[in-house]
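The structure appears below as structure tokens.
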């Protein structure tokens, strides 16, 4: 097998990325790597990290950028904060092009200027708090959310907690250790309050934000993922948020879950079944959560209307 084919095989397991060490291990020389870059077949993404077959690539994935950045800082570099959360599938914060890495001090200072998209941190991360996600070193989910909730505002912080719980990356028991981990750190007082509001039943940040608007507006739901059944036990639908007594359900309408034709068709049928069974169905979008009073006011009106009609 020739060296270029071997390098391609390595890249196929690493989001299309090879390091200079990978290339040399496959049998390519430094001059051959430089020639591949000059001709556009390979593309340098970070110091010593290359996108293979860049001339036919459909684009650079976020994970490829992260992988290249981590590799360029050497073996002590670890993805942290929002970058670690992205690798792990934890949602809830505003996405950016910045890559957050924790890097040993001796490496951080000279490398900082060479990587404008990289935000370099020097966190005290123990070996037990590092795991590999598809070969990329990152802080564990528990350490990741612990660091994030100290830095984020209430809504994104609780979204992060809910997402990690819902995905099974951390458990409620795991969160019991967080107050000890954050003791004495800046933001710890607020973060302890966020922990008390976390609920892993929320299936998206939009559901979390909708719930928090209701809580803040003094109309908290008494159920999440409420199953509504008819007298024969047939499942009519599941509401994201529910108020049982007035028979009101609120749905968080995220684009990802509801924009396909099949999803829209299923949503209409489910909503019709619920309405015919005497339930009021409200639907809220991300834009609605940006208006503090709108969601609780709408829920309060629906509850009042439902009660007056009985």
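In the UniProt record's numbering, the protein residues as written are 1 to 310. Idealized CB from N, CA, C, for every residue including glycine.
- Contact between residue 296 and residue 228 does not hold, since the beta-carbon distance rounds to 22 angstroms and is not under 8 angstroms.
- The Cβ atoms of residue 103 and residue 73 sit closer than 8 angstroms to each other.
- Runs of the alpha helix (DSSP H) lying entirely within the stretch 204-273 and spanning at least 4 residues, in chain order: 205-216 and 255-258.
- Counting the other Cβ atoms within 10 Å of the Cβ of residue 141 gives 16 or more, which makes it buried.
- In this model, residue 201 and residue 34 are separated by some 51 angstroms (Cα to Cα).
- For residue 169, there is no enclosing beta strand (DSSP E), as DSSP marks it with neither H nor E.
- Counting the other CB atoms within 10 Å of its CB gives residue 163 a total of 16 or more, which places it among the buried residues.
- Annotated three-state conformation of residue 46 is strand, per DSSP.
- By the Cβ criterion, the stretch 78-94 is in contact with the stretch 149-161, since at least three pairs of Cβ atoms, one from each stretch, lie closer than 8 angstroms.
- In the three-state reduction of the DSSP assignment, residue 33 falls in the helix class, which pools H, G and I.
- Here the stretch 27-42 makes no contact with the stretch 66-84; the two share fewer than three CB pairs at distances below 8 angstroms.
- Residue 118 is positioned such that its CB atom lies no closer than 8 angstroms to that of residue 139.
- Distance from the CA of residue 225 to the CA of residue 50, rounded to the nearest whole angstrom, comes to 45 angstroms.
- Under the three-state reduction of DSSP output, residue 144 falls in the helix class.
- Linking residue 17 to residue 237 through their CA atoms gives a straight-line distance of about 45 angstroms.
- Taking residue 76 as reference, the option from 272, 24, 137 and 180 with the minimal CA-CA separation is 137.
- Contact annotation: residue 249 and residue 281 have beta-carbon atoms nearer than 8 angstroms.
- When DSSP states are grouped into helix, strand and coil, residue 62 belongs to the helix group.
- Taken atom to atom, the span from the alpha-carbon of residue 3 to that of residue 26 is near 5 angstroms.
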